[in-house]
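J.: Here it is: the structure, laid out below.
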Amino acid sequence: MKKWKKEVELNVPIEFAWPFFYGDVEKKKMIFPKVVGEEILESTEQVVGSVIHQTYQIGSLTEQYEITIRKYADESDYKMIQESFILNDRFQMTIDYELQRVDNKTTKFIYTSLNKPKNPLLSLFQLFGRDEVVVNFMNRTKDTIENAYKTTAD
């Protein structure tokens with residue numbers, strides 16, 4: 002099992018950042034450019050337990066996942082969504098996207114990913130895993146959300 006945890010400060014209000022992670026597919030596509038669509042398969046009033054069918058496009062390959070919402074919080078100073086899905090029929094993925102209000106113009110974004118291989122032999126390959134993909138995602142997310150905020154402020 003491999004766990005990644007990174008955090009970065011976003012120079013935007015928490016309410017501006019939240020739709021990039023939940024509730025606005027077009028904004029979500031801006032930080033997840035390989036997402037081409039989402040469809041809600043099951044919806045619950047409290048969000049937890051909802052199931053989303055997500056389609057990814059990687060080159061000529063199309064991948065589809067059923068994402069289950071495991072945790073959800075939407076408070077004025079704290080927002081969080083935890084998604085769980087099977088990646089390539091090999092890994093049970095659990096990903097947390099957390100936003101914490103620092104002040105009215107700054108938000109702390111915390112990303113946590115837990116990758117649990119379905120096959121124990123795959124655990125050996127995780128020993129050599131680097132955080133480059135996560136660091137790139139964090140940088141892209143920060144740049145994308147901050148640039149989107151600047152264009153709305155102009």
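Sequential numbering from 2 applies to the sequence shown in our numbering.
Even for Gly, the Cβ is constructed at its ideal location relative to N, Cα and C.
So, with DSSP's three-state summary, where would you put P118?
T.: strand
J.: Among K72, M81, D75, K117, which has the Cα closest to the Cα of F92?
T.: K117
J.: Could you name the residues of the same chain whose beta carbon sits closer than 6 Å to that of Y23, not counting the 5 residues immediately before and after it, in chain order?
T.: If we look at Y23 and ignore the five residues flanking it on each side, its Cβ neighbours are I82.
J.: DSSP three-state label for K28, please.
T.: Of the three classes helix, strand and coil, the one that applies to K28 here is helix, per DSSP.
J.: Would you check if there are 3 or more beta carbon pairs closer than 8 Å linking the segment 41-55 to the segment 70-90?
T.: yes
J.: Pick out whichever of K35, T145, K30 has its Cα sitting closest to the Cα of I59.
T.: K35
J.: Kindly list the residues whose CB is nearer than 7 Å to the CB of P20, restricted to its own chain and excluding five residues on each side of it in sequence; keep chain order.
T.: K28
J.: Return the CA-CA distance between R102 and E16, expressed in angstroms with no decimal places.
T.: 9 Å
J.: Quick check on D104: does DSSP put it in helix, strand or coil?
T.: strand
J.: Span of the beta strand (DSSP E) holding F86?
T.: 79-88
J.: Alpha helix (DSSP H) containing E16: first to last residue?
T.: Counting along the chain, the unbroken alpha helix (DSSP H) around E16 starts and ends at 15-18.
J.: Could you work out which residue in W5, M31, K3, K6 is closest to Y150 when comparing CA atoms only?
T.: M31
J.: Who are the near neighbours of E64 in its chain, counting only those whose CB is closer than 7 Å to its CB and skipping five residues on each side?
T.: Y57
J.: Apart from the five residues just before and just after T145, which ones in its own chain have a Cβ nearer than 7 Å to its Cβ?
T.: M31, I32
J.: When the distance is taken between beta carbons, is T153 closer than 8 Å to F110?
T.: no
J.: May I ask you to list the residues that DSSP assigns as paired with M2?
T.: Answer by DSSP bridge pairing: none, since M2 is not bridged.
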